[in-house]
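Participant:
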Ligand code: ATR
C-alpha cells in the first residue's frame with residue numbers, strides 16, 4: 003500500500019489525512035496517510051526516513067514549508083518564487099520534487115467554487131510571511147489590478163514586493179497607516195495572528211463596497227478576521243477550508259495522476275465544522 007503523510011508542528015488536528023482518504027475512495031485507491039509531528043530541528047531527517055522507507059509523497063505545513071523547499075532536488079516554478087513548498091514527491095533514485103500548490107488552491111476556491119472573477123480587483127494582502135509568499139503571485143496571475151502588501155514588519159513586505167518585481171502593480175504600505183490607505187475589493191489575511199490566537203485591530207475603512215475578504219486559515223483561527231469583515235460590510239467573508247481542499251487535490255493529482263472531485267469532500271468538512 004502506497005504511503006503518504008503530512009509533516010507539521012503541531013499537526014494533530016490536520017484535516018489532510020481525512021481529505022486524502024476521501025479522495026482515494028473516489029478512485030478505489032488504497033493508501034496510508036499519516037500525520038507526522040516533528041520539530042524543525044528534526045524535520046529533514048524525518049522526511050529522509052519517510053521517503054527511504056518507501057513514502058511516495060508528503061504534504062508539508064507550518065512551520066516546515068521553507069525547509070521542505072530547501073531540501074528538495076527539483077522545484078516547481080511556484081515553489082521557487084514562493085521559496086517554500088507544501089508538497090514533496092518521491093522521484094527516482096531517492097530524489098525529491100518540491101511543489102507549492104497554495105496559491106493555485108486559493109484562486110481555484112475563489113474562481114471555481116465561489117464563481118468569482120478577480121480581474122480588476124484592488125487587492126490588499128495582510129502579512130508577508132510564508133503564507134503570503136505562497137499566494138501573492140497567483141493573485142497577480144488571476145488578474146488583480148493592484149496588490150498592496152502590508153506587514154507589521156515593513157521590511158518583510160518590502161522583500162515580497164521586491165521579489166515580485168512589478169512596482170506598478172505590487173507595492174507596500176505601512177501597517178501603522180492602515181486607517182489611511184483607503185478601501186479594497188479583495189482583502190486576504192495571510193498573517194498568522196489568528197493561528198496564534200490574536201485578533202488583528204483593523205479599521206473598517208479597508209473594506210470596500212462589495213468587498214471580498216478571505217482568511218487563509220480556517221476554523222477558530224479565521225473567526226476573528228471574518229467577523230471583522232462581516233461587521234465592516236464585506237459582501238463575502240470566506241475562510242481557507244476550500245483552499246485547503248483544493249491544494250490537497252493538487253497534491254493528489256501530482257501523486258496519483260487523477261484529479262478528485264473536491265466538492266463532496268469540501269461539503270462534508272463544512273458540515274462537520276458548522
Ligand atoms: P506563515 O507561514 O503562516 O505565513 P510567518 O512566515 O511567520 O507564518 O508569517 C506570519 C505573518 O503574520 C508575518 O507577516 C507576521 O508579521 P511579522 O513579520 O511582523 O511578525 C504576521 N503577523 C503575525 N502576528 C501578527 C499580528 N498580531 N499583527 C500583525 N501581523 C502579524
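Numbering (UniProt numbering), first residue to last: 3 to 276. Every residue gets a Cβ at the ideal spot worked out from N, C-alpha and C, and that includes glycine.
Who pairs with residue 37 in a beta bridge, going by DSSP?
Facilitator: 8
Participant: Taking 7 Å as the cut-off, does the CB of residue 200 come closer than this to any heavy atom belonging to the ligand ATR?
Facilitator: yes
Participant: Just to confirm the assignment, what range does the beta strand (DSSP E) spanning residue 153 have?
Facilitator: Note, residue 153: beta strand (DSSP E), 148-153.
Participant: Given a threshold of 16 other Cβ atoms within 10 Å of its Cβ, counted over all protein chains shown, does residue 206 qualify as buried or as exposed?
Facilitator: exposed
Participant: Roughly how many angstroms lie between the CA atoms of residue 38 and residue 62, to the nearest whole one?
Facilitator: 10 Å
Participant: Please list, in chain order, all residues of the same chain as residue 158 whose beta carbon is under 6 Å from its beta carbon, the five residues on each side excluded.
Facilitator: Same-chain partners within the cutoff: 130.
Participant: Looking at residue 68 and residue 100, is the spacing between their C-beta atoms short of 8 Å?
Facilitator: Residue 68 sits away from residue 100, with the two beta carbons spaced by 8 Å or more.
Participant: Evaluate residue 55 with the Cβ neighbour count: other Cβ atoms within 10 Å of its Cβ, from every protein chain shown; 16 or more gives buried, anything less gives exposed.
Facilitator: exposed
Participant: Less than 8 Å between the beta carbons of residue 237 and residue 214, yes or no?
Facilitator: yes
Participant: How long is the line joining the alpha carbons of residue 92 and residue 251, rounded to whole angstroms?
Facilitator: Those two C-alpha atoms are separated by around 17 Å.
Participant: Identify the continuous beta strand (DSSP E) that holds residue 1 and give its terminal residues.
Facilitator: Examination of residue 1 is not possible in this model, given that the chain is present from 3 through 276 alone.
Participant: For the beta strand (DSSP E) holding residue 321, just list the boundary residues, first then last.
Facilitator: The first residue shown for the chain is 3 and the last is 276, placing residue 321 beyond what the model contains.
Participant: Going by the CB atoms, is the gap between residue 148 and residue 124 shorter than 8 Å?
Facilitator: yes
Participant: Distance, Cα to Cα, residue 45 vs residue 202?
Facilitator: 31 Å
Participant: DSSP three-state call for residue 59: helix, strand or coil?
Facilitator: Assignment of residue 59 by DSSP, reduced to helix, strand and coil, places it in the strand class.
Participant: Going by C-alpha to C-alpha distance, which of 176, 58, 30 sits closest to residue 257?
Facilitator: 58
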